[in-house]
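Q: One structure is given below, represented as structure tokens, and several questions about it will come after.
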Amino acid sequence: MLNAAANIGYEALSDSYYLSNPVTSYKPDAIRYTEYALEPALGARTAYVHTHGSVSKGAESFSGHDYKGGDIGFSKLNKINAYMASPSRRLYKFNFSAFTKAQSSDSRDFVSEVWK
15 MLNAAANIGY EALSDSYYLS NPVTSYKPDA IRYTEYALEP ALGARTAYVH
65 THGSVSKGAE SFSGHDYKGG DIGFSKLNKI NAYMASPSRR LYKFNFSAFT
115 KAQSSDSRDF VSEVWK
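Numbering (this note's numbering), first residue to last: 15 to 130.
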């Protein structure tokens with residue numbers, strides 16, 4: 015499975031969420047944030063969603079729990095929530111909003127499974 019990503023925007027006038035065009039790296043094991051970070055979504059960007067395409071170490075969790083890079087670092091840098099679809103067909107959410115209220119806690123405490 016290839017990695018893909020998209021930004022999620024919220025448009026207040028219609029009270030609706032929109033996805034940007036999806037972007038893929040055409041690689042099974044990586045996608046750089048620079049490949050989709052600026053892809054426009056209608057409204058204000060509130061989150062992003064991406065896949066972990068290959069079954070490898072760490073594919074079932076967000077990367078960057080040290081806040082300096084990876085999935086969590088990108089969420090922190092842009093002050094947005096993050097969603098990740100894993101190779102086992104699970105969807106996870108990193109709740110940046112809750113994290114900012116309790117920054118002394120480990121970022122793993124703010125990851126939940128959204129859908130199985």
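Think of the CB as a built atom: it goes at the ideal place given N, C-alpha and C, for glycine as much as any other residue.
1. In terms of residue numbering, what span does the alpha helix (DSSP H) encompassing L33 cover?
2. Nearest-angstrom Cα distance between H64 and V128?
3. Take the Cβ of G67 as the centre, count every other Cβ of all protein chains shown within 10 Å, and call the residue buried at 16 or more, exposed below.
4. Roughly how many angstroms lie between the CA atoms of E53 and F124, to the nearest whole one?
5. For the segment 92-124, list the alpha helix (DSSP H) runs that are entirely contained and at least 4 residues long, ordered along the chain.
6. Between which two residues does the beta strand (DSSP E) holding E25 run?
7. Is Y62 near I94, with beta carbons less than 8 Å apart?
8. Sorted by chain position, which residues of the same chain lie with C-beta nearer than 8 Å to P101's C-beta, five sequence neighbours on each side aside?
A: Concretely, from the data shown:
1. Secondary structure note for L33: it is in no alpha helix (DSSP H), and the uninterrupted beta strand (DSSP E) holding it is 30-33.
2. Cα to Cα, the separation comes out at about 14 Å.
3. Flag for G67 reads buried.
4. One C-alpha to the other measures close to 26 Å.
5. Qualifying alpha helix (DSSP H) stretches, in chain order: 110-115.
6. Run containing E25: 18-25, per the beta strand (DSSP E) assignment.
7. Yes, the Cβ-Cβ distance between Y62 and I94 is below 8 Å.
8. Excluding residues within five positions, the ones whose Cβ falls inside 8 Å are M15, H66, G67, S68, V69, A73, E74.
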